[in-house]
Structures are given as C-alpha cells and as structure tokens.
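Protein chains: 2
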Amino acid sequence: MLDIPKRDRRAERRAATRAEILDAAWAQVRANGLAALSLRDLARTVGMQAPSLYSYFDSKHAIYDAMYAQGARQFVEAEPSDQPGDPLEGLKQLVRFYVGFCAADAARYLLLFQRTIPGFEPSAESFAISEGSLERVGQRMAACGITDPDAVDLFTAIGTGLTDQQLSNDPGGDRWIRLIDDAVEMFHDYMTKKAKQPPARRRAR
Amino acid sequence: MLDIPKRDRRAERRAATRAEILDAAWAQVRANGLAALSLRDLARTVGMQAPSLYSYFDSKHAIYDAMYAQGARQFVEAEPSDQPGDPLEGLKQLVRFYVGFCAADAARYLLLFQRTIPGFEPSAESFAISEGSLERVGQRMAACGITDPDAVDLFTAIGTGLTDQQLSNDPGGDRWIRLIDDAVEMFHDYMTKKAKQPPARRRAR
DNA sequence: GTCTATATTTGGATAGAC
DNA sequence: GTCTATCCAAATATAGAC
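This is the structure:
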C-alpha cells in the first residue's frame, strides 16, 4: 500500500480562509490602530457578513490571540541565532534585530511587546518569547565579560528607548536606528570599565 | 472708592465644578486606562447625568484637552530650572525628573508624551513643552562640553527607555529608576570620550 | 444648569433558516 | 458555512421641558 498522505481538502480550505481573515485583520490594525479592529469591517473586507467570522474564530480575542501567535512566530524565526566571532558585534546584532523588527510594524510591536489591548493577555506565549530573548541577551553579555546584574536591565532600556523614539518621532525613517551601533558601544565601554573597578568604589544608594 | 476686586460667585462655582469634573476624569483614566474615559461614568461620579457635562465641556475631546493642559502645566512647573554646579549632575537631574514625573502617573504620561487617543492632537501646547524641554537638554549638554548633533537623540532614547521599562515591567517600583545615574554617567563618559577623537576616525555609514 | 428622553452610531455576539 | 435578522450593550451628542 502506497504511503500517500491523506489530504483533507475541507481543512485546507478552512485554514486558507483563516489565514485570509488574519491578513485582513493585520491590514486593518496597521491602517487604523491596533485597538480599532472591527469585526464588521473585517468581515466586509473578506466578503463575508460579520457572524460568519464566528465559524473561524470564537471571538474577537481569539483573533488577537492568533495574530499574537503569528507575530511571536515571526519574531523567533527571524531572531539571529548564531553568535558572531566578535562578542560586541553579537550585542549589536540583537539590538539591530529587535529595533528593526519593531520599527517594521508598529501595530505588531504594540500587540507583542506593549499591553494596549484591554483585557487581552497572551498568557504563556508572551513569556516564552520575551524570556527566550532575555536569555540570549544574558548569554551574549557574558561572552563580552559583562556580569553585572543590572546590565541586562540597562541594556533592555536602551533597546526599548531607541525603538520607542524611532516609532514615535520618526516612523519609517532611521533617525534612531542609525544610533544603534554607537549606543551598544557606549553600553559596552561602560560595563567593561565598571567591571574593572573594585566593588567598594561603587557608591551606595 | 475702595479697590475691592469684583468676585463673580457664579464663575467661581463654575470653575470649581470644572475642576471637580477633571479630577474625576483623572481618577477614571488612572483606574481604567486613558482611552476608557466614559462620559456616563464620569457624570455619575460627580452626581450628574451625562448631558449635564456639556454645560462645562463642549465634547469629550475638550475634556482631554483640559487634562492635557493640566498635565503640561504640572510638567513645566515642576521641571528643575537652576543648573547645579556640576554639569553632569545637571543631566542626571533632568532624567530623574522626567522618569519620575512619568512613572508617577502612567495615564498622564500616555496623554502627554505618547499619542494613544485616536484623533486627539493637543496642537500647539504639545510642541511647547517638548521643545522647551529639549532646549534645556541641549543647554545642559553644552555645559558638559557635548556638542555632537546625535547626542540629544541618544540621550532622549535613554530617558524614554528607562521610563518605558519602568512603567511596563515594574510599575510602582524603582527597578529602572535606580539605574538613572549610572545610565547618565555611561552616556557622559561615551560622549566626552568621543569628542576627543578626530572626526576622521569615526566610521562612515 | 440640570434633567428626561431620544437620536445615532457602533460595537460584539447569538438564533435559526437555508 | 453563510446568510438575515436580531439582541444587547455602550458610546457621544442633541432637543427641549423645567
């Protein structure tokens, strides 16, 4: 008996329609803002009446959930994995990726990394991507010889600051994106210099 | 004829009621989020029916406008004005003030510095506070001998990054607030070192 | 100035025919 | 699976009596 994989044409069509709905949903939130997703408009866009959407998604939140999962998958699949030879370059690479990923789609950034949808909590997957990413940051930092426990917090602040300014004040441009390498060098210089100081010299607070 | 200032008791009462409404509006957005301001609930809180609010404000946007003006006034009145002797301390002071001001009231931060209310544009006053503040940043930076044109952008990215992380991941705490002084020293070290390098050494992009 | 009553729009979600 | 019809809730805003 030949091993022909069973194709379920009905399931395939259903998955295709789901994908089509999600694509339209992304287009809508990019155009009108993340919170302005309307099931009526969404249905019209894909040539349906609003109630028909419920054959594909249980609720509006379920659509956000699916969009979140898509965005999270895009993030982990695009994240640079292999550490380059220069450890400093490894840090730059992470920030370039993160800021670039966020700046490429503001709505996706808000959905994944900010909490702006009232009542929407992406549960486990949220921690998965952010903790996985934070772990990688820690590893690459250790490769640079940076062990200060505050270093990761300062590093993430730099990354989100560049992202926030880029999206808020120069969307579509590169005014803060082109500062990334300098910012990471600044961070690296400071942390490596600080590590050489005896702990007693650091002032108490 | 004695110079007794004319008191308009009616105008006083009206102003007091307006202030009462605004206080209730702030309480509501702090509790439910900036975008969740409901005129019905707001009216109930101050013991009115919803339509009565229109005797005090022309529209919901007018309430946001008044809230914006209040927040902007709070910002400029609390902003540190006199430059301390140590120029580096001057920079730290600015960031401490900005992050502290934002962290003290997340809803106010969103209204003043992020654009999250659809269709709400605070017009002239918005530029007034941010440009006035940016000007002060430039002055204090010059006092440190920092003249790099990118310095202000990098500095603001650090400030907003600390703010964003503090509000997003440790609201009410001080996990990023206590990194402010270190972050400013990091920035200062880097910019002063960079200034001593001959411009030719800086890589082209 | 404040109320009741209402207009109008828009939203998410459900019932049931086909 | 898709539709029509409908429900229900909430929103801003207006008209007009008192």
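Chains D and F supply the protein sequences, listed in that same order. Take the first sequence: its letters are residues 18 to 222, numbered as in the working numbering. Take the second sequence: its letters are residues 18 to 222, numbered as in the working numbering. Glycine included, each C-beta is placed from N, C-alpha and C at the ideal position.
Taking a contact as a CB-CB distance under 8 Å, the pair V154 (chain F) and L111 (chain F) counts as one, their CB atoms being some 6 Å apart. By the neighbour-count definition (other C-beta atoms within 10 Å, threshold 16), T164 (chain D) is an exposed residue.
Between the segment 142–152 of chain D and the segment 137–149 of chain F there are fewer than three C-beta pairs closer than 8 Å, too few to call the two in contact. Under the DSSP assignment, E152 (chain F) falls in the alpha helix (DSSP H) whose first and last residues are 140–160. Around S185 (chain D), the beta-carbon contacts reaching into chain F at under 9 Å are F130, Q131, R132, T177. Residue nearest to Q182 (chain F) within the set F:F204, F:L151, F:V116, F:F172 is F:V116 (criterion: CA-CA distance).
As the crow flies, the alpha-carbon of P139 (chain F) is around 6 Å from that of D82 (chain F). The criterion of a C-beta distance shorter than 7 Å is satisfied by L128 (chain F) and G88 (chain F).
At a cut-off of 7 Å between C-beta atoms, L196 (chain D) counts as an interface residue with respect to chain F. Per the Cβ contact rule, the segment 96–114 of chain D is not in contact with the segment 55–62 of chain D (fewer than 3 Cβ pairs under 8 Å).
At a cut-off of 7 Å between C-beta atoms, D181 (chain F) counts as an interface residue with respect to chain D. Each residue's CA atom was taken as its position, placing D191 (chain D) and A200 (chain D) some 14 Å apart.
By the Cβ test, the segment 71–85 of chain D is in contact with the segment 36–52 of chain D, since at least three Cβ pairs between them sit closer than 8 Å. Taken through DSSP and simplified to helix, strand or coil, G176 (chain D) comes out as helix.
Taking CB atoms only, L108 (chain D) has no neighbour in chain F less than 7 Å away. Residue-level contact by beta carbon fails for D165 (chain F) and chain D, as no gap is shorter than 7 Å. When the five nearest sequence neighbours on each side are left out, the beta carbons in the same chain lying within less than 8 Å of the beta carbon of D58 (chain D) are those of Q45, in order along the chain.
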